[in-house]
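Asks: Taken in order, the sequence shown gives residues 82 to 257; the numbers are from the working numbering.
By construction, the Cβ of each residue, glycine as well, lies at the ideal position given by its N, Cα and C atoms.
The model shown is predicted, which means the values in this text are computed figures rather than measured ones.
Before anything else, here's the structure in question.
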Amino acid sequence: MKNSLRIGKEKKAEREHQINKHEIGFTNQKKKKMIYLSIIIVLIMVILIYFVSKAFLEARKTNQERVTEYIEKLAKDFYEDYYYPQLNDMKENELIEDIPTFLSNFEQRGIPISLNQLIEVHYKTESEINKVLKNYQCSFEETGFQIYPQSPYQKDSYKLDLHIVCENLSKEGSDS
82 MKNSLRIGKE
92 KKAEREHQIN
102 KHEIGFTNQK
112 KKKMIYLSII
122 IVLIMVILIY
132 FVSKAFLEAR
142 KTNQERVTEY
152 IEKLAKDFYE
162 DYYYPQLNDM
172 KENELIEDIP
182 TFLSNFEQRG
192 IPISLNQLIE
202 VHYKTESEIN
212 KVLKNYQCSF
222 EETGFQIYPQ
232 SPYQKDSYKL
242 DLHIVCENLS
252 KEGSDS
């Protein structure tokens, strides 16, 4: 009888050990899920904070700052995505000997580009430009930029000089 009592106690102890082992495993799984959930929540919060702050900073910009940024982006995109590739085509067609020699001619005097010229070469339409410059009446002949190619005369080696001749049409008092 002692033997059966001992076996019963061992089985009971083994069952309790298995139950405790299962509970420990369950809590570890729960902890892992909570950690993953916490990481996801933190990432979502960081992303939300980024976009909210970006929108806040954009909303604080004046119309003049937006126009200046637009003209600068327009100049960079024009030179890097339109003008410079055209030079590559000209070199391939043997219209120019090499790009650095050609661009070195404009290092001091620059390459003047007006909004009208962008429209003439079909880089942008007047409505695309006016959509961004909606609060301004700009002179399409005088507003533009000057590109100064710089050695080593690569796609991204240049300086810009922006020329903005615009009249503010909005009612913002200090943004003229």
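Would you report the Cα separation of Ser-194 and Ile-177, rounded to the nearest angstrom?
Replies: By 1-based counting over the sequence shown, the position of residue 194 is 113. By 1-based counting over the sequence shown, the position of residue 177 is 96. Before going on, a small fix: residue 194 reads as Ile here, not Ser. The alpha-carbon atoms of Ile-194 and Ile-177 are separated by roughly 20 Å.
Asks: Name the DSSP beta bridge partners of His-244, please?
Replies: Position 163 of the sequence shown, counted from the first residue, corresponds to residue 244. Per DSSP, Gly-225.
Asks: Could you give the distance in angstroms between the alpha-carbon of Tyr-160 and the alpha-carbon of Ile-228?
Replies: Counting from 1 along the sequence shown, the entry for residue 160 is found at position 79. Counting from 1 along the sequence shown, the entry for residue 228 is found at position 147. Taking the straight line joining both Cα atoms gives about 8 Å.
Asks: Leaving out the 5 sequence neighbours to the left and right, which residues in its chain are closer than 8 Å to Val-202 when beta-carbon positions are compared?
Replies: Counting from 1 along the sequence shown, the entry for residue 202 is found at position 121. Within the same chain, Val-202 has close Cβ partners Tyr-163.
Asks: With 16 as the cutoff for other CB atoms within 10 Å, does Tyr-131 come out buried or exposed?
Replies: Residue mapping note: residue 131 aligns to position 50 of the sequence shown, counting from 1. Exposed is the call here.
Asks: With three or more C-beta pairs closer than 8 Å as the rule, is the stretch 204-222 touching the stretch 176-191?
Replies: no
Asks: Would you kindly report the start and end of the unbroken beta strand (DSSP E) that includes Leu-217?
Replies: Taking the first residue of the sequence shown as position 1, residue 217 is located at position 136. In the sequence on display, residue 217 carries Tyr and not Leu. From DSSP, the beta strand (DSSP E) with Tyr-217 extends over 217-219.
Asks: Rounded to a whole number of angstroms, what is the C-alpha to C-alpha distance between Ile-258 and Gly-225?
Replies: Outside the modelled stretch of the chain, which goes from 82 to 257, sits residue 258, for which no answer is possible.
Asks: Ile-177 lies in the alpha helix (DSSP H); which residues open and close that run?
Replies: Residue numbering aside, residue 177 sits at position 96 when the sequence shown is read from its first letter. Segment: none, Ile-177 is in no alpha helix (DSSP H) and carries neither H nor E.
Asks: Quick one: what's got a C-beta closer than 6 Å to Leu-199's C-beta in the same chain, skipping five residues either side?
Replies: Translated into positions along the sequence shown, residue 199 becomes position 118. Counting only Cβ-Cβ distances below 6 Å, and skipping sequence neighbours, we find Lys-205.
Asks: Tell me the rounded alpha-carbon separation between Asp-237 and Glu-188.
Replies: The residue given as residue 237 occupies position 156 in the sequence shown. The residue given as residue 188 occupies position 107 in the sequence shown. Cα-Cα distance, rounded: 14 Å.
Asks: Drop a sphere of 10 angstroms on the beta-carbon of Leu-124, count the other beta-carbons inside from all chains shown, and report buried for 16 or more, exposed for fewer.
Replies: By one-based count along the sequence shown, residue 124 stands at place 43. It counts as exposed.
Asks: Considering only the beta carbon of each residue, do Asp-242 and Gly-191 sit closer than 8 Å?
Replies: As a first step, residue 242 must be located in the sequence shown, where it is residue number 161. As a first step, residue 191 must be located in the sequence shown, where it is residue number 110. Result yes, Cβ atoms of Asp-242 and Gly-191 sit closer than 8 Å.
Asks: With a Cβ-Cβ cutoff of 8 Å, do Pro-230 and Leu-155 count as a contact?
Replies: Position 149 of the sequence shown, counting from 1, holds the residue named residue 230. Position 74 of the sequence shown, counting from 1, holds the residue named residue 155. Their beta carbons are not under 8 Å apart, which means Pro-230 does not touch Leu-155 by this criterion.
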